[in-house]
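Take the position in the sequence shown, starting the count at 1, then add 932; the result is the number in my numbering.
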Amino acid sequence: MDPKYQEPTPKLNATEAAENAITVVISRRIKKGKEKDFEQLNAALSREALQFPGFLGTTLFRPASSDDPEYRIIFKFRTREDFERWQHSAERHQYLDDIEQCLDAPDSTEVLSGLVAWFSLPGQNPVQPPPKYKMAVVAWLAIFPLITLITWGLGPWLGHLPLIPRTLGMTVVITLLMTYVLMPLLTRLLAFWLFPKQDRGER
């Protein structure tokens, strides 16, 4: 069984990946034998969320091992207002009542926004964000080679365009690659430096 399951999501664009987006990380410990019921309820809840404006998608991470039996569910919203509209909706609470019947312990929720959402490890318990200088260093490590490669690779294709369309095209590519490829990758590779306490097993 795939430990990671991507629920149906709407198409994303660069605006939706802007720094005011909200990432919600939920950890849930499920009663033994209730896993299938929980996953079906979570899938139905995710489909309901698709109907709400500002919902960007969700991913479910199954328990990594018996030593870490929690499910992690990540929801993304365009703005905090979109998240709060969903948070207080009757549709969400309708499914939560059924989901709570599957829980072995109260769940925990962490809401991340802006750059902080880049520095989250869905395979671990929610953690405090790293110091800002570390976030700046990792962001620079991603931005510098990315801009260099894009300028070199796309320059011949975009060089004939006016400044605004050329800049728009480059920033769309940079934003999407930073958000969905480079920052998650670098966060995992540099976790020993970004999250030294978690890396040593300290809680």
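C-beta: ideal position from N, C-alpha, C; glycine also.
Buried versus exposed call for residue i [16 or more other C-beta atoms within 10 Å across all chains shown]
i: Ser978; result: buried
i: Leu973; result: buried
i: Lys963; result: exposed
i: Gly989; result: buried
i: Lys968; result: exposed
i: Lys936; result: Its pLDDT being 49, under 50, Lys936 is placed unreliably by the model, and nothing is read from it.
i: Pro884; result: The first residue shown for the chain is 933 and the last is 1135, placing residue 884 beyond what the model contains.
Length of the line joining the Cα atoms of residue i and residue j
i: Thr1080; j: Leu1095; result: 18 Å
i: Leu1117; j: Gly1087; result: 26 Å
i: Ala1123; j: Leu1073; result: 14 Å
i: Phe1076; j: Gln1019; result: 37 Å
i: Ile1006; j: Leu1078; result: 26 Å
i: Met1115; j: Glu980; result: 29 Å
i: Ala996; j: Glu1002; result: 8 Å
i: Thr1099; j: Trp1089; result: 12 Å
Distance CB(residue i)-CB(residue j) smaller than 9 Å
i: Ile954; j: Phe1015; result: yes
i: Val957; j: Leu1035; result: no
i: Val1070; j: Thr1119; result: yes
i: Ile1031; j: Phe987; result: no
i: Gln1033; j: Lys966; result: yes
i: Pro985; j: Arg1024; result: no
Short CB-CB distance (under 9 Å) between residue i and chain B
i: Met1102; result: Absence of chain B from the displayed structure is noted, only one protein chain being present.
Coil, strand or helix - residue i by DSSP
i: Ser1045; result: strand
i: Phe993; result: strand
Residues bridged to residue i [DSSP beta-bridge criterion]
i: Ile954; result: Phe1009, Ser1045
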